[in-house]
Amino acid sequence: MDLGLKGKKVILTGGSRGLGRAALEHFAKEGADIAFFSRDAEQVAAAKSELEAHGGKVFAESFDMNDMDGYPKWLEKAAGELGGCDIFIHNASSSGAGATGDWEVTFNTDIVGAVKAMEVLEPHLEKSDDGSVIFMSSTAAFETFVAPQAFNAMKAALITYGSQLSQALGPKGIRVNMVSPGPIKFPGGNWSQIEKGMPEFYEMTKAGFALGDFGGADDVARSVVFLASPASSYTTGAHLVIDGGFTKRVQF
Numbered sequence: 044m045d046l047g048l049k050g051k052k053v054i055l056t057g058g059s060r061g062l063g064r065a066a067l068e069h070f071a072k073e074g075a076d077i078a079f080f081s082r083d084a085e086q087v088a089a090a091k092s093e094l095e096a097h098g099g100k101v102f103a104e105s106f107d108m109n110d111m112d113g114y115p116k117w118l119e120k121a122a123g124e125l126g127g128c129d130i131f132i133h134n135a136s137s138s139g140a141g142a143t144g145d146w147e148v149t150f151n152t153d154i155v156g157a158v159k160a161m162e163v164l165e166p167h168l169e170k171s172d173d174g175s176v177i178f179m180s181s182t183a184a185f186e187t188f189v190a191p192q193a194f195n196a197m198k199a200a201l202i203t204y205g206s207q208l209s210q211a212l213g214p215k216g217i218r219v220n221m222v223s224p225g226p227i228k229f230p231g232g233n234w235s236q237i238e239k240g241m242p243e244f245y246e247m248t249k250a251g252f253a254l255g256d257f258g259g260a261d262d263v264a265r266s267v268v269f270l271a272s273p274a275s276s277y278t279t280g281a282h283l284v285i286d287g288g289f290t291k292r293v294q295f
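The opening residue of the sequence shown carries number 44 in the working numbering; numbering runs sequentially from there.
Right under this line is the structure:
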């Protein structure tokens, strides 16, 4: 299937590893031009080099999203480097564990970051023939998991914001969809560390998947890329759960 991504301009936040990196790989293979950032300069440089091998344009910089004043400037720079923006993936996140300061950081990254991005990129997306936005949420948004924490609450808010935004921006030709992965394992990620440091908790979590095991970054990335692409041009306001049957609620 041709996803219609050749020449599309994609901006993704937090893309040097994990789900973001996997999504960038698939966008690049489909012929899209891409822009991304991450905090680790070495990881950014390595990812940029690997992605450029697919032949498209790649704009990548080391950037810390805690710099909320600099974030809109980075987005404008990325759109300028690519010559616009057809697809925006809000992927960068922060895992606040309970302290007030953690909640503030997570609120800024997940919610304020999404709002600022839309303020900057909406004019660019409106000029596209298929403007598309994906907000990366989590199954922790709608089922209790581990403990009360900022990550869970902000991911829930992101689903609500994205759903309402899809109604507001639909008439402008911009689609907005949300994706909620369950626990995903990839090299260097949380679950790889938990497997080594908390093996009993890891095995207990693994036993909860209807499909029998953790998914990988590619399992999520392929669906994200399809949902963002022109091949999914009549889908907006959707909330796609990709969790291998980990959550037990009935999905109406």
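Even glycine gets a Cβ: it sits at the ideal position worked out from N, Cα and C.
Is residue i buried or exposed, if buried means 16 or more other CB atoms sit within 10 Å of its CB?
i, result
"Gly288", "exposed"
"Lys51", "buried"
"Phe229", "buried"
"Phe244", "exposed"
"Leu254", "exposed"
"Glu119", "exposed"
"Lys291", "exposed"
"Glu165", "buried"
"Gly205", "buried"
"Pro224", "buried"
"Val263", "buried"
"Gly123", "exposed"
"Val163", "buried"
"Tyr114", "buried"
Any idea which residues DSSP pairs residue i with across the strands?
i, result
"Val219", "Val176"
"Val284", "Ser223"
"Phe102", "Ala78"
Determine the extent of the beta strand (DSSP E) in which residue i is found, giving its start and end residues.
i, result
"Thr56", "Lys52 to Thr56"
"Asp107", "Where Asp107 is concerned, there is no enclosing beta strand (DSSP E), given that its DSSP letter is neither H nor E."
"Ser81", "Asp76 to Ser81"
What would DSSP say about residue i, mapped onto helix, strand or coil?
i, result
"His97", "coil"
"Ser181", "coil"
"Phe229", "coil"
"Phe131", "strand"
"Tyr245", "helix"
"Tyr277", "coil"
"Val148", "helix"
"Gly123", "helix"
"Val189", "coil"
"Gly240", "helix"
"Val293", "coil"
"Lys116", "helix"
"Met44", "coil"
"Ser92", "helix"
"Ser171", "coil"
Between which two residues does the alpha helix (DSSP H) holding residue i run?
i, result
"Phe269", "Ala260 to Ala271"
"Ile154", "Unbroken run through Ile154: none, as it is neither H nor E."
"Phe194", "Ala193 to Leu212"
"Gly255", "It is not in any alpha helix (DSSP H) - Gly255 carries neither H nor E in the DSSP assignment."
"Ala70", "The amino acid at residue 70 is misidentified as Ala; the sequence shows Phe. Run containing Phe70: Gly61 to Lys72, per the alpha helix (DSSP H) assignment."
Counting only beta-carbon atoms, is residue i nearer than 8 Å to chain C?
i, result
"Thr187", "Absence of chain C from the displayed structure is noted, only one protein chain being present."
Is it true that the region 77–94 meets the region 137–154, where meeting means three or more beta-carbon pairs spaced less than 8 Å apart?
No contact exists between the region 77–94 and the region 137–154.
Stretch pair the region 228–242 + the region 180–197: three plus CB contacts closer than 8 Å
no
Does the structure place the region 215–225 close enough to the region 173–190 that three or more beta carbon pairs sit under 8 Å?
Contact holds between the region 173–190 and the region 215–225, because three or more Cβ pairs, one in each stretch, are under 8 Å apart.
Tell me whether the region 97–110 and the region 127–134 touch, counting them as touching only if at least three CB pairs, one residue from each stretch, are closer than 8 Å.
When C-beta atoms of the region 97–110 are compared with those of the region 127–134, fewer than three pairs fall below 8 Å, so the two segments do not count as touching.
Segment contact, 8 Å Cβ cut-off, at least three pairs: the region 149–163 with the region 70–82
At 8 Å Cβ cutoff, the stretches do not touch.
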